[in-house]
């Protein structure tokens, strides 16, 4: 007898498919997506996600520091 996937695992798969298609030339988009919730953050930080992302985009996934995004936002606010 086959086990049916749970709703949570199906949702994770859907979210992962969405996140994998974010543009690789804009690493801030992945950082921002990781800030949505803990589940998304865990998906993006996972080894499986990074492997799939590299396979699809054929690019190395940069190590992203959340602090860089915050500094960029702060600079934009200061300029305004």
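Residue numbers (UniProt numbering): 1 to 80. We treat Cβ as the ideally placed atom computed from N, Cα and C, and that holds for glycine. Model, not experiment: these values are computed from the prediction.
Quiz item: Looking at the structure shown, is residue 36 part of a helix, part of a strand, or coil, going by DSSP?
Solution: By 1-based counting over the chain shown, the position of residue 36 is 36. The answer is coil: DSSP assigns residue 36 none of H, G, I, E or B.
Quiz item: Straight-line CA distance for residue 46 to residue 52?
Solution: In the chain shown, the residue the question calls residue 46 occupies position 46. In the chain shown, the residue the question calls residue 52 occupies position 52. Taking the straight line joining both Cα atoms gives about 10 Å.
Quiz item: So, helix, strand or coil for residue 42, using DSSP?
Solution: As a working mapping, residue 42 is identified with position 42 in the chain shown. Looking at residue 42 - three-state DSSP - the assignment turns out to be helix.
Self-check item: Meets three-Cβ-pair contact criterion under 8 Å: the stretch 24-35 and the stretch 2-11
Solution: no
Quiz item: DSSP three-state call for residue 25: helix, strand or coil?
Solution: The sequence position of residue 25 within the chain shown is 25, counting from 1. Looking at residue 25 - three-state DSSP - the assignment turns out to be coil, as it is neither helix nor strand.
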